[in-house]
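S.K.:
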Amino acid sequence: MADQTPRAAMDEAVLPGTPDFVIEAYRTLAERAREMDFGLLEEDVIILDTETTGLSVRDNELIEISAAVLSRQGITERFDTFVHPTGPIPEEIVALTGITNADVAHAPSAREAVAQLADFVGGRPVVAHNATFDRSFIEAVKGDVAVSDLWIDSLALSRIALPRLISHKLSSMAELFGCASVSHRATDDVDALAGVWHILLAALCDLPAGLLRLLADSHPDVPWAYRPIFSALAQNLPDEPFSLRAARVRVLDGEPGEERFDADELVGLSMPSREDIERDFAPGGLVDTMYEAYEPRAEQVEMACEVRDALATGTHRAIEAGTGVGKSVAYLVPLIEAAKRNHITVGVATKSNNLADQLMYHELPRLAGVMDGGVSFCALKGFDHYPCLRKLERLARSTSEIKTDRDPADTLTAIAVIYAFACQSPSGDLDALGIRWKSVNRADLTTGSRECARRLCPFFPDACLVHGARRRAARSDVVVTNHSLLFRNVAAEGKILPPIRHWVVDEAHSVEREARKQWAITVAADDVRTVFERLGGDDAGVLGSVRREFAHHEAGTLYLGLCARASACANRASRAMADMFDAARDLSRTVRSGGYDQLNIWIGEELRASDGWSVFLPVALGAVDALEEAGKALQALAETVSQDAPERAADIADPARQLRELKDGLALIARGEDDRYVYSLQVNRRMRAGGEVLTAERLDIGAALAEQWLPELHTAIFTSATLSVSGDFKHFEHAVGLDRLPARSSQALHLDSSYDFDANMSVVVASDLPDPRNRDAYIDALEGLIFDVHVAMGGSVLTLFTNRRDMEELYERLQPRLAARGLELACQLRMSSARRLRDHFIQERTSSLFALKAFWEGFDASGETLRCVIIPKLPFASPTDPLACERSQREDRAWARYSLPDAVLEVKQAAGRLIRSSSDTGVLVLADSRLVSKGYGKKFLSSLPTQAYQRMDARQVGRYLELWRASHE
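487 is the number that this note's numbering gives to position 461 of the sequence shown; each next residue is one higher, with no gaps.
1) Which first and last residues belong to the alpha helix (DSSP H) in which V933 is found?
2) Less than 8 Å between the beta carbons of T891 and S822, yes or no?
3) Run through DSSP, which three-state label would S207 get?
4) Work out the CA separation of I441 and L263 for me, nearest whole Å.
5) Would you be able to state if there are at least three C-beta pairs under 8 Å between the stretch 412-426 and the stretch 473-489?
6) Measure how close the beta-carbons of Q142 and T102 come, nearest whole angstrom, since I'm counting them as under 8 Å.
7) Answer yes or no: the CB of R423 versus the heavy atoms of the ligand NAP, is any distance below 7 Å?
8) Run the CB neighbour count on P768, radius 10 Å, all protein chains shown included, and call it buried at 16 or more, exposed below.
9) For T507, does the count of other Cβ atoms within 10 angstroms reach 16, so buried, or fall short, so exposed?
10) Which residues in the same chain as T972 place their Cβ atom closer than 7 Å to its Cβ, once the five residues preceding and following it in sequence are excluded?
11) For F876, write down the residues that DSSP places opposite it in a beta bridge.
12) Confirm, please, whether the CB-CB distance from V443 to I186 is below 8 Å.
13) Rank L183, A157, L191 and L122 by C-alpha distance to the C-alpha of D175 and give the top, closest one.
14) Between E61 and P525, what straight-line distance do the alpha-carbon atoms span, to the nearest angstrom?
15) Alpha carbon to alpha carbon, how far is P672 from L574? Give it in angstroms, no decimals.
16) Using alpha carbons as the reference points, say which of G124, V109, V152 and E165 lies closest to E138.
17) Taking E301 as the reference, give the member of D335, F287 and H369 with the closest Cα.
18) Please say whether E870 and L836 have beta carbons closer to each other than 8 Å?
19) Which of helix, strand or coil does DSSP assign to H342?
20) Quick check: what's the CA-CA separation for E559 versus V568?
21) Going by C-alpha distance, which of G657, Q982, L643 and D954 is nearest F902?
22) Under the three-state reduction of DSSP, which class applies to M603: helix, strand or coil?
23) Taking N467 and K429 to be in contact with their CB atoms under 8 Å, please state how far apart those CB atoms are, rounded to whole angstroms.
24) Can you give the beta carbon distance from V505 to T371, rounded, assuming they're within the 8 Å contact cut?
25) Compute the Euclidean distance between the alpha carbons of F256 and L183, then round it to the nearest angstrom.
26) Quickly, what does DSSP pair Q384 with across the bridge? List them, please.
27) Under 6 Å Cβ to Cβ from A94, same chain only, skipping five residues before and after it: list those, please.
28) Do you know offhand how far L685's Cα is from L720's?
29) Does the Cβ of V641 have 16 or more other Cβ atoms within 10 Å, making it buried, or fewer, making it exposed?
30) Would you mind stating whether E533 and L381 have Cβ atoms separated by less than 8 Å?
31) Could you check which residue in V817, P905 and A910 has the C-alpha nearest to that of T872?
32) Does DSSP put R104 in a helix, in a strand, or in coil?
33) Please name the residue or residues paired with Q773 in a DSSP beta bridge.
34) Apart from the five residues on each side of it in sequence, which residues of its chain come closer than 6 Å, Cβ to Cβ, to A659?
35) Pick out the complete beta strand (DSSP E) segments inside the stretch 156-231, 3 residues or longer, and give them in chain order.
36) Classify V327: buried if its beta carbon has 16 or more other beta carbons within 10 angstroms, exposed otherwise.
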């Protein structure tokens, strides 16, 4: 084990913005750990690792088990064995681990190996990295052998001990702290973890005084694997009370305090010349120094110069930059120049977390390392992405039962991780902390914008991670956020983000959809139930808690009376809302709809004039009155409580605010008098009750942006690989409001991809399939085509469906047929995890997938992982879609103006899944014959990244793909 980690190596290993005292503590850990005695925590502890044939315990098996007894002197005893699986080891696992079928041929069976392991472990505590994985494989082996009752996950523990590390992989930590190296062999990984275990124990001792004791004593009724560790370590540390406020003050010491100018205060921007920008991208220039092998691209330089011109002139741009242009660096260089030269803050908004992380952890740190004076940057997300420290303290110190449907120990682990992170992090959010949110009630540890106690909170403003992040953003050169927060900020009249007048909106093809989603007003049965459950009544929830707390107060009679009135009003409102949702479901039964499971019903003039509506409306308006009465009763209680317990008042005021918003939303939808909105009702037919949602969405997002947002900006750069339809930007400009601005306020630019799509991508149009509206014939023909494509490509096919019914029927037909050919096919079934499907598809090189809209964009699987994309049906909006219906009622040719270009852009997005690097090759199969039988088909084909397409009968496609594949391998 190394004495100290070099400072440069540690700087690269920790998150940007990590305080110096934390870096220094991490850097000296290895040296200090050697001198520390951890008593029983390093005596008779078992370190364990396994190797398996894959990641899924259901489909894979053990092939190696290694374990060791750890003591203060190191490893004193070992257990190592191969395991004989029931099938051959996959080639990729052989390549990864070096374990061959010959190695395991004469090894014990899994049952025999696990029995031997149990004898070796002898019930002692087991430490494993990602212990759930190893434990699940071992305990899945038949034989009812209990290896140990106490499993300690060193991965989760490392997030508590070393919260500022970018990576908590065993290999990363072992290398960083000079432990034995990881090799994807269980024996080597055990050696590495034995060294890392000492590091983690030492790092836990560096946490603030009193924190380990607080964690050890928190919710003592909950069995928790880490409790004995924290308790043992706390015995050897100073017995001091823990103060999170003091820890936050320490970690924030030295934070920069100077806010940037609001660009509205400046006459204009000082900007580098176009020639300066071109030099930045030339050989030997700024960008060249960022990468070991940088190749200048004319399209990237042109984009950077265009962004520079927009910033200099205070105008807007829509820039369609094809895959491979390098648009992130193209816009960041001139944008940062504007920030630094003019002492202002600039913003970048992305749709996906992947791109935001790419900017935060790659491009921006590299630019900070090569630009004079560095670059300050931060990420801003919505309230529920940050821990609420007030709620954290309340939950950790509470004696009440933890609310969860699963293991409450996961909540205690989340508490520990957040405490450690808050003690070492000036800023940051929850997203990368590895918290098991399926087990942890997120609302217990986060707050909403209006729920926040603000000045009543001891951490407000700077010590708070939410409000502190906004204040730090106002002192940064660059703020990275997401589309949803950007448009929530517009709705909140700029009260969420600092005053940023220069924005780049990346992945801008999603702007209209995301703004409509964020500005939607919804009244949802599930949300309503949550509000009333939170409120409770005489004995439960917020109202029950307030009643008990103030029962013996000197003004107890007043409080009890107010609580009783609030409880009665809340009960009446709850019943009224339940009646309203029942009436909404009854209303849905009167409407003819072609929906499969989820009905999405347009509330238009015809429905409002129906007999069903005449029954629903008075019930809805009665619920409006009940909500208003309940809101007033809660507000009266909150105002009275605030005089004696201001912090407690926030717990009452937030549900009161929620009831007011529900009342306003329900009244808006029921009356339907505001023509800026399209109104709809969503009902799940698979459920007998529950899940109903009433919705009001803004119809014209472009008009709203042109009125509420764009006039406040100096420059907005909208960029994506998919903005134009057949080279025309009019649809996009209308969608985001650029066409409503004065003449010459904006310009549009198309930049070709830097990749050779004509050589690397083929487009096939199956021209003889029946019209999709002739469903039975179409599905039969589509089954044959999809089968031929999968067989010809040997798997690695992504088929993107527009509706669940077609997808599930074809999956039932094709999955067994393809399995008989040795081809794996997965499907995005109900309740399946999109993330797991993605991960499996990427990891299993020859697997194929049937998926819905979640995979149409933002899914990267480069190389052999994805060789073919099939689009069975053009993704037109359903003719019963409320937005499409409202537009058709208000405008002639609405389908051609909205539905057609939207579908073209979605197909462009799907096609973009294929070629993600200069070496990628792939085939796009379009199985909708309307591409050649209808005039609008030309718009789809002319918008694709390659203009060369092959038109052929479906029966010829398989043979064509075999030949194409042979010529590209």
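A virtual CB, placed ideally from N, CA and C, is assigned to each residue, including glycine.
M.R.: Let's see:
1) L926 to A937
2) yes
3) coil
4) 21 Å
5) yes
6) Contact doesn't hold; Cβ gap of about 18 Å is too wide.
7) Summarising the ligand content, the structure contains no ligands, and the ligand NAP is consequently not present.
8) exposed
9) buried
10) F783, D784, M787 and V789
11) T825 and C853
12) yes
13) A157
14) 51 Å
15) In the sequence under discussion, the amino acid at residue 574 is Arg, which differs from the Leu named in the question. Spanning the two alpha carbons is a distance of roughly 17 Å.
16) V109
17) D335
18) no
19) strand
20) 9 Å
21) D954
22) helix
23) 5 Å
24) 6 Å
25) 11 Å
26) None, per the DSSP bridge assignment.
27) I73, I101, R104 and V216
28) 15 Å
29) exposed
30) yes
31) V817
32) strand
33) R343
34) R591, A592 and C595
35) 177-179
36) buried
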